[in-house]
Amino acid sequence: MKLSEIKSSLNGLSEITFRLPNGEAVPAHFHITEIGQINKRFIDCGGTVRNDKAISFQLWEDGDFDHRLGAQKLIDIIELSERVLELEDLEVEVEYQGDTIGKYSLEFHDSEFQLVAKMTDCLAKDKCGIPAEKPKVRLSMPSIQSSGACVPGGGCC
Numbered sequence: 099m100k101l102s103e104i105k106s107s108l109n110g111l112s113e114i115t116f117r118l119p120n121g122e123a124v125p126a127h128f129h130i131t132e133i134g135q136i137n138k139r140f141i142d143c144g145g146t147v148r149n150d151k152a153i154s155f156q157l158w159e160d161g162d163f164d165h166r167l168g169a170q171k172l173i174d175i176i177e178l179s180e181r182v183l184e185l186e187d188l189e190v191e192v193e194y195q196g197d198t199i200g201k202y203s204l205e206f207h208d209s210e211f212q213l214v215a216k217m218t219d220c221l222a223k224d225k226c227g228i229p230a231e232k233p234k235v236r237l238s239m240p241s242i243q244s245s246g247a248c249v250p251g252g253g254c255c
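Numbering (this note's numbering), first residue to last: 99 to 255.
Written as C-alpha cells, this is what we have:
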C-alpha cells in the first residue's frame, strides 16, 4: 500500500488493527514510533547498481496498556511527516518486533491492516545462471525397458 492509500483507509475507522501473517493482532496499545522515508542504494550480485525507496512505519508495543492510537491521530502524524520530511507517496513497509525486527508489506482487508511477510530474492537471476524453473524430467517404464535396463519382475537381478 502507498502512503495515500493508508490515509484513505483510515478515514472512517473507529479503531486501528494491524494483523500479523499468523492471524494474531498487534496489541491494541501499539505506538507508531517512527515514520520515515528509506532510500536504499545498493549493488546486486550481478553488479547492477539499484535504488529503492519506501516509507517505513515502526510499530512498537510495551506496558502502556491504556494507549490507543486513533485513526485521525495517525492521519495527523502521517500528514505532519509528509510536510516536515517531504515524503513521497511510496509503498509502506512496516517494522514490528517479534523474535527480531520483522519487515512487512501492508494490505487493507475487512477494516484491518494486514502485515504481509516479505521475502528476499535474487535480483540478478539472469546473471547468476539461476534457471527460471527447474526442468522437469519424466521417467517412464517403456523407455527404461527399451534401454535394456533391469526392471522389477524382469528376472535380470
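The beta carbon of each residue, even a glycine, is placed where N, CA and C say it ideally should be.
- Counted as a single uninterrupted DSSP element, the stretch harbouring Asp160 is not any alpha helix (DSSP H), since DSSP gives it neither H nor E.
- Assignment of Arg236 by DSSP, reduced to helix, strand and coil, places it in the coil class.
- Cβ neighbours of Lys201 within its own chain (closer than 8 Å, five residues either side excluded): Glu191, Val192, Glu193 and Lys216.
- Less than 9 Å separates the beta-carbon of Ile133 from that of Ile153.
- Here Lys201 carries a strand assignment [DSSP, helix/strand/coil].
- When the five nearest sequence neighbours on each side are left out, the beta carbons in the same chain lying within less than 7 Å of the beta carbon of Phe140 are those of Arg148, in order along the chain.
- The three-state reading of DSSP puts Ser154 in strand, counting E and B together.
- In this structure, Thr131 keeps its C-beta atom at 9 Å or more from the C-beta atom of Leu172.
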